[in-house]
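Take any residue in the sequence shown, count from 1 to its spot, add 162: that is its number in this note's numbering.
Glycine included, every Cβ here is placed at the ideal spot set by N, Cα and C.
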Amino acid sequence: MMMRTVVWLALAWFVAIAGGCDSVTLSPRQQVVKDANKALCEARSLKGMLPYVTERSRAMLDLASSMAELGSMFQGQSLADRIAVECATASGPQFVDEVKVSETRYVVRTRASSKGEVTETIVVLEGGRWKIALTGK
163 MMMRTVVWLA LAWFVAIAGG CDSVTLSPRQ QVVKDANKAL CEARSLKGML PYVTERSRAM
223 LDLASSMAEL GSMFQGQSLA DRIAVECATA SGPQFVDEVK VSETRYVVRT RASSKGEVTE
283 TIVVLEGGRW KIALTGK
């Protein structure tokens, strides 16, 4: 049950941030969210996001990627196909705002469209670089 939730959250996060935002000046935290999405689209795999997630999140991302691949097999469409379609059809994220939790932790809020649901992405400072924390820590 937890794995299904993790896979769903990873894909929901992807849908919420898919696309551009090229004309807006982004904060470093928003930029890492955008860059992770770009890497996901280019790799056509959740593993494309590995450079943008915290060390603690890497195992979770690997597991989510494996579960998503397995789930895709049962649906008759590869995960790469699903990611390609989402990347091609998404209108781009709208960065709502970012909430400062501490000097080293922010919550970046995005939505896929003006009426879309808000998705919260935790971004933390790790080794001098902003990274996405999938595990919440």
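Classification of residue i by the beta-carbon crowding that lies within 10 angstroms, buried from 16 upward
{"i": "G290", "result": "exposed"}
{"i": "L232", "result": "exposed"}
{"i": "T281", "result": "buried"}
{"i": "V263", "result": "exposed"}
{"i": "S219", "result": "buried"}
{"i": "T251", "result": "exposed"}
{"i": "T283", "result": "buried"}
Per-residue DSSP class, three states only, for residue i
{"i": "L188", "result": "coil"}
{"i": "Q256", "result": "strand"}
{"i": "S264", "result": "strand"}
{"i": "T251", "result": "helix"}
{"i": "L287", "result": "strand"}
{"i": "R220", "result": "helix"}
{"i": "K277", "result": "coil"}
{"i": "R244", "result": "helix"}
Same chain only: Cβ atoms within 7 Å of residue i, ignoring 5 sequence neighbours per side
{"i": "L202", "result": "F176, L208, G210, M211 and I245"}
{"i": "R191", "result": "E260, Y268, V270, V285 and W292"}
{"i": "M164", "result": "In this predicted model, M164 has a pLDDT of only 46, less than 50, meaning its place in the structure is not dependable enough to derive any value."}
{"i": "R206", "result": "A242, I245 and A246"}
{"i": "V194", "result": "Y214, V285, W292, K293 and I294"}
Proximity of residue i and residue j at Cβ, strictly below 8 Å
{"i": "V285", "j": "K293", "result": "yes"}
{"i": "E260", "j": "R271", "result": "yes"}
{"i": "M229", "j": "L296", "result": "no"}
{"i": "A198", "j": "Y214", "result": "yes"}
{"i": "L188", "j": "K196", "result": "yes"}
Cut-off 8 Å between Cβ atoms - residues of its own chain near residue i, not counting five sequence neighbours on either side
{"i": "E217", "result": "E288"}
{"i": "V265", "result": "Position check: residue 265 holds Glu in this sequence, whereas Val was assumed. Same-chain partners within the cutoff: L287."}
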